[in-house]
Amino acid sequence: MPSNNYENFDNMETTFRKSSVIQERLGLVSSHMYKQFLDYQHATINTAEIFSEMIDNFKVMADTFKQSFAARGIATQNIYVEHDKDKTVVIINILWHTISLTTRCNFEPQALFRENKPPFFCGRIMALNGNYNDIAEGVKSRAEIMERLLDKEVASLYVPADKSQACIFKIKHLTNREFFLNHTDASIEFVIKVVETICGGGVYHDERQRKSFSI
């Protein structure tokens with residue numbers, strides 16, 4: 026009988042030690058995740074604010090293009106802007122070019138990888154060459170939508186949780202280049218550069234070799 030009591034005591038002590046270790050180790054993990062969650066919340070708010078400004082900037086740009094082409098005697102019915110009610114996708118059509126911006130890539134707290142620098146936790150606005158609705162049609166998973174978005178990506182703006190930190194602007198064909206924009210200028214500079222990149226070039230006839238060029 027005393028032997029059983031000792032065994033029970035040993036089991037209780039072992040259980041207590043295990044519980045203490047679990048609490049200590051998982052306490053560190055939960056603190057780390059909580060910090061990421063807060064950054065994600067703040068970055069999401071900042072990203073939504075900049076995206077809303079981009080929608081307004083697209084509307085101004087569409088009006089400017091309409092005036093410019095109308096003055097040259099070109100019909101402007103194919104110049105327009107449309108967006109979803111939640112303001113997570115905006116599409117601008119400029120004659121034969123269609124450009125989309127979206128925030129529908131921020132599924133969870135994510136960081137931008139940076140060579141020899143700490144991960145940069147942030148929200149992301151993706152610029153796409155094409156109509157988002159056509160690109161995303163029929164997708165069945167996050168992995169599939171990201172694969173399609175990355176295939177059509179022109180550039181991305183990475184928006185931090187802290188407004189005192191600059192946003193990072195990356196152009197797809199300049200993979201390792203980072204451009205820094207403050208929160209005030211980010212929305213207009215990003216949309217202008219994207220439009221310049223897409224509309225400032227052209228498309229070759231398809232010969233299965235050449236795709237596009239830039240001026």
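Going by the numbering used here, the first residue of the sequence shown is number 26, and it counts up by one from there. Even for Gly, the Cβ is constructed at its ideal location relative to N, Cα and C. Since the model is a prediction, treat every value here as computed from it, not as a measurement.
Contact between the stretch 44 to 51 and the stretch 160 to 175 is absent: fewer than 3 CB-CB pairs across the two stretches fall below 8 Å. In the DSSP assignment, residue 223 falls outside any beta strand (DSSP E) and lies within the alpha helix (DSSP H) extending over 208 to 224. By the C-beta criterion, the stretch 181 to 197 is judged to be in contact with the stretch 139 to 151, since at least 3 inter-stretch pairs fall below 8 Å.
By the Cβ neighbour-count rule, residue 127 is buried, with 16 or more other Cβ atoms within 10 Å of its own.
For residue 107, the uninterrupted beta strand (DSSP E) segment begins and ends at 104 to 108. The C-beta of residue 134 has 16 or more other C-beta atoms within 10 Å across all chains shown, which makes the residue buried. By the Cβ criterion, the stretch 88 to 102 is not in contact with the stretch 160 to 167, since fewer than three pairs of Cβ atoms, one from each stretch, lie closer than 8 Å. CA-CA distance, residue 121 to residue 58, rounds to 45 Å.
Listed in chain order, the alpha helix (DSSP H) elements of length 4 or more contained wholly in the stretch 136 to 222 are 157 to 160 and 167 to 177. In the structure shown, residue 127 adopts extended strand secondary structure according to DSSP, grouped into three states.
With distances taken between CA atoms, residue 208 lies nearest to 70 out of 200, 70, 87 and 39.
The three-state secondary structure of residue 122, taken from DSSP, is strand. By alpha-carbon distance to residue 72, the top candidate from 203, 217, 227 and 151 is 151. A contact between stretches requires three or more CB pairs, one per stretch, nearer than 8 Å, and the stretch 208 to 223 fails this requirement with the stretch 96 to 111. In this structure, the beta-carbon distance from residue 203 to residue 197 does not fall below 8 Å. The C-beta distance from residue 86 to residue 220 rounds to 7 Å, short enough to fall under 8 Å.
For residue 191, the closest alpha carbon among the candidates 205, 229 and 210 is that of 205.
By the neighbour-count criterion, in which a residue is buried when 16 or more other Cβ atoms sit within 10 angstroms of its Cβ, residue 136 is exposed. In the structure shown, residue 227 adopts extended strand secondary structure according to DSSP, grouped into three states. Rounded to whole angstroms, the separation of the alpha carbons of residue 225 and residue 181 is 18 Å.
In the same chain as residue 64, and ignoring 5 residues on each side of it, the C-beta atoms closer than 7 Å to its own belong to 134, 146 and 186, in chain order.
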